[in-house]
Amino acid sequence: DGGITQSPKYLFRKEGQNVTLSCEQNLNHDAMYWYRQDPGQGLRLIYYSQIVNDFQKGDIAEGYSVSREKKESFPLTVTSAQKNPTAFYLCASRPGAGTGELFFGEGSRLTVL
Amino acid sequence: AQSVTQPDIHITVSEGASLELRCNYSYGATPYLFWYVQSPGQGLQLLLKYFSGDTLVQGIKGFEAEFKRSQSSFNLRKPSVHWSDAAEYFCALTGANNLFFGTGTRLTVIP
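In the order they appear, the protein sequences are chains X and U.
Using the working numbering, the first residue of the first sequence is number 180, and each one after it goes up by one.
Using the working numbering, the first residue of the second sequence is number 254, and each one after it goes up by one.
If you want it as structure tokens, here you go:
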């Protein structure tokens, strides 16, 4: 079945450590997105990519980094510079930028100890 | 600037009762609008979408929504709520490069 796979589902990290969240899609979508979700704040855009080897900052990119070396993959690194990284992270994709709905993965919950 | 407002943070309804979740948007052109549902610890699932045409759109799980341009609204409705509808609901609006989401409405269903 086509879809978006995020891993790991749960991740614990010590302060000062970088961590990378994986996002893989087999929907042949060009555009991919990372959102952060905190209670009562909805979804906030971290980074997005409309095509391979290109990505753009979203509203809350500070302390995060991404890469898009393959169409299928859009990993997110939460760096030690992110002041409050404990959150639920959602990856999404859609066929192209500006076209239609987003398809979401199941999310990754990061907890900083 | 684009924005989405969901005025109700939390709604409680009895099982079998009708439901309406409110969504207001701000957008300069004809909007593309969506409703998503999220169960705890899960991703978001699309319930329905409006692009153009008939202003009353049908979705999955018995949900429908009505686009009202004059009121800048896209409210979600269901005639009879089931216990399994308890979840968080998000209204979203498409922009040039991504979707803008409201802050969500949490639905509690009581027996």
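Where is the CB? At the ideal position from N, CA and C, for every residue including glycine.
Using a Cβ cut-off of 7 Å, pull out every chain U residue sitting near residue i, in sequence order please.
{"i": "Q220(X)", "result": "T356"}
{"i": "Y212(X)", "result": "N351"}
{"i": "G284(X)", "result": "G296"}
{"i": "A276(X)", "result": "N350"}
{"i": "L224(X)", "result": "N351"}
Let me make sure I understand the geometry here. Which of the options has the alpha-carbon closest to that of residue i?
{"i": "K249(X)", "options": "Q261(X), D209(X), Y226(X) and A271(X)", "result": "D209(X)"}
{"i": "N277(U)", "options": "Q295(U), G306(U), A318(U) and P293(U)", "result": "A318(U)"}
{"i": "F353(U)", "options": "T256(X), Y214(X) and S287(X)", "result": "Y214(X)"}
{"i": "H263(U)", "options": "V362(U), T358(U) and P364(U)", "result": "T358(U)"}
{"i": "A340(U)", "options": "G296(U), G306(U), G348(U) and Y303(U)", "result": "G296(U)"}
{"i": "G284(X)", "options": "G275(X), K262(X), F253(X) and V291(X)", "result": "F253(X)"}
{"i": "Q259(U)", "options": "Y285(U), S305(U), E273(U) and W336(U)", "result": "E273(U)"}
{"i": "E280(X)", "options": "V257(U), W288(U) and K314(U)", "result": "W288(U)"}
{"i": "P293(U)", "options": "L346(U), Y342(U) and A282(U)", "result": "Y342(U)"}
{"i": "K302(U)", "options": "W336(U), A345(U) and S279(U)", "result": "A345(U)"}
{"i": "T356(U)", "options": "R247(X), N263(X), P218(X) and T290(X)", "result": "P218(X)"}
{"i": "L300(U)", "options": "F327(U), S256(U) and I363(U)", "result": "F327(U)"}
{"i": "T265(X)", "options": "L206(X), K193(X), I230(X) and V291(X)", "result": "V291(X)"}
{"i": "G348(U)", "options": "T308(U), A282(U) and L360(U)", "result": "A282(U)"}
{"i": "G312(U)", "options": "V257(U), K331(U) and Y280(U)", "result": "K331(U)"}
{"i": "P187(X)", "options": "C270(X), Q216(X) and N263(X)", "result": "C270(X)"}
{"i": "Q220(X)", "options": "C202(X), L190(X), Q229(X) and F267(X)", "result": "F267(X)"}
{"i": "R322(U)", "options": "N351(U), S267(U), S337(U) and Y285(U)", "result": "Y285(U)"}
Which partner residues does residue i have in the DSSP bridge list?
{"i": "W336(U)", "result": "DSSP output for W336(U) lists no bridge partner at all."}
{"i": "K302(U)", "result": "F287(U)"}
{"i": "Q204(X)", "result": "I183(X)"}
{"i": "E319(U)", "result": "L309(U) and N328(U)"}
{"i": "E341(U)", "result": "Q291(U) and R359(U)"}
{"i": "E273(U)", "result": "R330(U)"}
{"i": "L297(U)", "result": "Q291(U)"}
{"i": "Y268(X)", "result": "R215(X) and S287(X)"}
{"i": "I264(U)", "result": "L360(U)"}
{"i": "Y278(U)", "result": "V257(U)"}
{"i": "L352(U)", "result": "T347(U)"}
{"i": "L222(X)", "result": "Q216(X)"}
{"i": "L190(X)", "result": "L289(X)"}
I want to verify the contact list: residues of chain U whose CB lies under 9 Å from the CB of residue i, in sequence order.
{"i": "E280(X)", "result": "Y285, F287, Y289, L299, K302, A345, T347 and L352"}
{"i": "L190(X)", "result": "Those do not exist, as L190(X) stays about 14 Å from chain U at its closest Cβ, beyond 9 Å."}
Residues of chain U with CB closer than 8 Å to the CB of residue i, please, in chain order.
{"i": "Y227(X)", "result": "N350 and N351"}
{"i": "L289(X)", "result": "Under the 8 Å cutoff, chain U gives no residues; its nearest Cβ is about 13 Å from L289(X)."}
{"i": "L269(X)", "result": "G296 and L297"}
Just to confirm my understanding: we take residue i, look at its own chain, exclude 5 residues before and 5 after, and list those with CB closer than 8 Å. What are they?
{"i": "D258(X)", "result": "Sequence inspection shows Thr at residue 258(X); the Asp mentioned does not correspond to that position. The residues are N197, G242, Y243 and S244."}
{"i": "M211(X)", "result": "C202, Q204, Y227, S228, R247, F253, C270, A271 and S272"}
{"i": "A254(U)", "result": "S279"}
Within its chain, find whatever has a CB closer than 6 Å to the CB of residue i; leave out the 5 residues flanking it on each side and keep chain order.
{"i": "G195(X)", "result": "S259"}
{"i": "Q235(X)", "result": "Y227"}
{"i": "G315(U)", "result": "K331"}
{"i": "P274(X)", "result": "H208"}
CB-CB under 7 Å to residue i, same chain, minus the five flanking residues each way: which ones, in chain order?
{"i": "G181(X)", "result": "N205 and L206"}
{"i": "D233(X)", "result": "R247"}
{"i": "Q216(X)", "result": "L222, A266, F267 and L269"}
{"i": "G237(X)", "result": "L224, I225, Y226 and Y227"}
Taking 9 Å as the CB-CB cut-off, is residue i touching chain A?
{"i": "I264(U)", "result": "Absent from the structure: chain A. Protein chains present are X and U."}
* What are the uninterrupted segments assigned as beta strand (DSSP E) that are 3 or more residues long and contained completely in the segment 225 to 262 of chain X, given in chain order? -> 233 to 236, 243 to 245 and 255 to 257
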